[in-house]
Amino acid sequence: MKEYDIIVIGTGGGTKLVTPPSKIGYKIAVIEKENPGGTCLNRGCIPSKMLIYPAEILSLTKHSEKFQISFPKKPEVDFKTLIERISKTVDDESASILPAYDKNPNITYISGTASFISDKVITVNGEQLTAERIFIASGARPAIPDIPGLAGTPFMTSRETLRRTDLPKSMIVIGGGFIALELGFAYSSFGSEVTFLVRNRMLKNEDKDIVDEFERIFTKEHNVL
């Protein structure tokens with residue numbers, strides 16, 4: 001059994017728990033089952049904003065004539081190249097994390113899935129590790145709703161929408177949260193025919209006055225049912 005001062009499960013938010021204590025001599029084990037960097041870097045805020053910003057630029061061109069700006073032809077996106085650029089940027093950044101860990105003798109990086117045997121012992125790849133402090137920073141994953149027939153129907157979560165290189169002709173977005181709305185907006189701006197299915201109201205956790213104004217503007221250009 002290998003002993004450490006600290007074990008961190010996850011390299012998203014868990015990254016902040018690794019370097020500072022390692023610099024004062026603590027032995028750290030870092031466990032990650034996917035690419036280093038966690039949800040934000042690999043399949044969340046960073047790639048999504050890299051997708052949404054070009055969509056916003058393209059969306060603004062629809063209103064350019066209001067400001068006496070015209071284009072010889074309708075602007076369009078090279079969707080495949082855009083996704084490839086986003087993916088490469090994210091993958092390169094993720095790949096830069098391990099060399100930094102490798103240079104630090106107090107950090108041991110382990111690729112695998114952690115399982116608890118007891119409150120201070122975990123197993124990874126058949127090997128047991130122990131530490132006085134074990135931090136679980138494994139993040140979250142998209143929730144799949146229990147919809148009849150969904151299991152036999154091809155569908156995407158936010159994760160897949162950030163990696164697919166073909167732009168669908170049409171898509172249905174189920175949900176009215178910010179992730180559903182921003183990704184649906186992006187695909188709509190790029191040319192997909194997008195329909196939003198919202199159970200009650202969009203952005204239901206936000207201030208009502210803000211949501212009312214958002215709905216007024218958003219529904220002018222998007223099909224919300």
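Here the sequence shown stands for residues 1 to 225, numbered as in UniProt numbering.
Every residue, glycine too, gets a C-beta built ideally from N, C-alpha and C.
Keep in mind the model is a prediction, meaning the values are calculated, not measured.
Spatial neighbours of residue i in its chain, beta-carbon cut-off 7 Å, leaving aside the 5 residues before and after
i: V90; result: L41, N42, I46, P47
i: M171; result: Y187, S192, V194
i: L82; result: P54
i: V18; result: V8, I28, V30, I107
i: L98; result: P36, Y109
N- and C-terminal bounds of the beta strand (DSSP E) containing residue i
i: residue 230; result: Summary: the structure shown does not reach residue 230, with the chain confined to residues 1 through 225, and so no result is reported for it.
i: K2; result: 2 to 9
i: T108; result: 107 to 111
i: E132; result: 127 to 136
Cα-Cα separation, residue i to residue j
i: S59; j: L51; result: 13 Å
i: G139; j: P21; result: 21 Å
i: F155; j: E3; result: 43 Å
i: E84; j: T165; result: 7 Å
i: S111; j: I217; result: 46 Å
i: E127; j: G14; result: 21 Å
i: L181; j: L197; result: 10 Å
i: T161; j: K204; result: 23 Å
i: I57; j: N104; result: 42 Å
i: R133; j: K88; result: 35 Å
i: residue 254; j: T130; result: Residue 254 cannot be examined here, being either before or after the span of the chain that is shown, 1 to 225.
i: E215; j: E93; result: 36 Å
6 Å Cβ shell around residue i - same chain, five flanking residues per side excluded
i: T157; result: P142
i: I179; result: S158
Span of the alpha helix (DSSP H), counted from its first residue to its last, around residue i
i: E171; result: Before going on, a small fix: residue 171 reads as Met here, not Glu. Counting along the chain, M171 falls outside any alpha helix (DSSP H), though it belongs to the beta strand (DSSP E) covering 170 to 174.
i: F214; result: 208 to 221
i: residue 237; result: This structure gives no information on residue 237, because the portion of the chain shown stretches from 1 to 225.
i: E93; result: 79 to 95
Residues that residue i bridges to, as DSSP identifies them
i: E32; result: S111
i: L197; result: I174
i: V224; result: F196
i: S118; result: V121
8 Å CB neighbourhood of residue i in its chain, flanking five on each side removed
i: H222; result: G184, F185, S188, V194, F196
Checklist entry - Contact between the stretch 64 to 78 and the stretch 25 to 39: three or more CB pairs below 8 Å? => result Contact annotation: the stretch 64 to 78 does not touch the stretch 25 to 39, with fewer than three C-beta pairs closer than 8 Å.
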